[in-house]
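Visitor: Numbering (the numbering used here), first residue to last: -13 to 315. We put the CB at the ideal spot given by N, CA and C, even for glycine. For clarity, every value in this text was computed on a predicted model and none was experimentally measured.
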Ligand code: UDP
Ligand code: MG
């Protein structure tokens, strides 16, 4: 059922004993921690899958670290990854992915806003052959003005820019095949763009409605400020999607167009000056011609640089420019 990654040798075979890794970023969630882990374990026990819970403590200062450490010593199904300081949700999730050993990975929030009871539903969907199943908080329980409205707008923009149509990119409750996660690098607030990044990697993506509860313990770590960071990350994703393997096609084309039209105008003006003896010093066309030539050269050389960078990016990480789903012999 599971796919080969991309033909390169990889160490996953040795890791593929567990069925399920559950990754939870934790930043100051002391009150919910114990409930959360028990709730997850109870739900997963019903499925009879072998599993591990990986809680990543993202530099908590409210005692979560201690609670987590103690729990991890007691429970064999819990692994605590303690980060040195607070890095943010995306790096915390990346640390969790790095430590996850199973064939399927589930992520969810540490505040019990996501409901562990949805985990089996996500897994069923994954088993239908999807690479990523995203939760959709159909009845989201957060503040309307600061959270729901910005999120509606952001979801609309992200959908249009990335071409992956989901209702709710921000939902942390998601299920992934592990090979997919291994192929992706996370930066900034990129975790919400995992579906888009996965789509770039050629994944099959779907979403299902999931439950969502109001925060019972602790406080939300985010406000309106996140929207701006999300927009910046959106630009990065858009750029990656469009130009990643062929920057020269884009910059080269526009650069050349600009350069050639600038030169044509320049030639025309030269003829006017030399053969017709007219004065060209005050002609707007002259400025336009110079501008187009300069822009053209700039775009063209930018394209060349981007092309070099792209090669370094792929070759330094041995990232193939394609992804194989399966090889059948
Ligand atoms: N989180 C984290 N590091 C941070 C901020 C948040 O690990 O710097 C975790 C947090 O503990 C929670 C999840 O990310 O498990 C989502 O955060 P929160 O519930 O505050 O976001 P919201 O649900 O309000 O969008
Ligand atoms: Mg929350």
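(1) Would a C-beta distance cut-off of 9 Å place residue 206 and residue 97 closer than the cut-off?
(2) Could you spell out the range, first to last residue, of the beta strand (DSSP E) harbouring residue 163?
(3) Contact between the region 225 to 232 and the region 249 to 261 is defined here as three or more beta-carbon pairs at a separation below 8 Å; is this criterion met?
(4) In angstroms with no decimal places, state the Cα-to-Cα distance between residue 50 and residue 16.
(5) In the structure shown, what three-state DSSP assignment does residue 300 receive?
(6) Counting pairs of beta carbons, one from the region 127 to 140 and one from the region 232 to 245, are three or more of them closer than 8 Å?
(7) Look up residue 193 in the DSSP assignment and say whether it is helix, strand or coil.
(8) Hey, would you say residue 90 sits closer than 9 Å to residue 159, going by beta carbons?
(9) In angstroms, rounded to a whole number, what distance separates the CA positions of residue 4 and residue 63?
(10) Would the region 178 to 197 count as touching the region 112 to 124 if we require 3 or more Cβ pairs under 8 Å?
(11) Go through the region 50 to 86 residue by residue and report every complete run of the beta strand (DSSP E) that reaches 3 residues or more, in order.
(12) Let me check understanding here. Comparing Cα to Cα, which of 107, 150 and 141 lies closest to residue 213?
(13) Alpha carbon to alpha carbon, what distance is there between residue 154 and residue 211?
(14) Taking only the alpha-carbon atoms, compute the straight-line gap between residue -2 and residue 23 and give it to the nearest angstrom.
Guide: Let's see:
(1) Translated into positions along the chain shown, residue 206 becomes position 220. Translated into positions along the chain shown, residue 97 becomes position 111. Judged by their CB atoms, residue 206 and residue 97 are nearer to each other than the 9 Å cut-off.
(2) As a working note, residue 163 is residue 177 in the chain shown. Per DSSP, residue 163 is one residue of the beta strand (DSSP E) stretching across 160 to 163.
(3) The region 225 to 232 vs the region 249 to 261: no contact.
(4) Stepping through the chain shown from its first residue, residue 50 is reached at position 64. Stepping through the chain shown from its first residue, residue 16 is reached at position 30. One C-alpha to the other measures close to 4 Å.
(5) In the chain shown, counting from the first residue as 1, residue 300 sits at position 314. Residue 300 falls in the helix class under three-state DSSP.
(6) With the cut-off at 8 Å, the region 127 to 140 and the region 232 to 245 do not touch.
(7) In the chain shown, residue 193 corresponds to position 207, counting from 1. Note: residue 193 maps to strand in three-state DSSP.
(8) As a first step, residue 90 is located in the chain shown; it is residue number 104 there, counting from the start. As a first step, residue 159 is located in the chain shown; it is residue number 173 there, counting from the start. Going by beta carbons, residue 90 and residue 159 fall outside the 9 Å limit.
(9) For the purposes of this step, residue 4 is taken as the residue at position 18 of the chain shown. For the purposes of this step, residue 63 is taken as the residue at position 77 of the chain shown. Cα-Cα distance, rounded: 11 Å.
(10) Note that the region 178 to 197 touches the region 112 to 124; at least 3 beta-carbon pairs, one per stretch, sit closer than 8 Å.
(11) The qualifying runs are 64 to 68.
(12) By one-based count along the chain shown, residue 213 stands at place 227. For residue 213, the closest of 107, 150 and 141 by C-alpha to C-alpha distance is 141.
(13) Within the chain shown, residue 211 is the residue found at index 225, counting from 1. Within the chain shown, residue 154 is the residue found at index 168, counting from 1. Going from the Cα of residue 211 to the Cα of residue 154 covers about 19 Å.
(14) Start at 1 with the first residue of the chain shown, and residue -2 comes out as number 12. Start at 1 with the first residue of the chain shown, and residue 23 comes out as number 37. Note that residue -2 scores 45 on pLDDT, short of 50, meaning its location in the model is unreliable and no value can be drawn from it.
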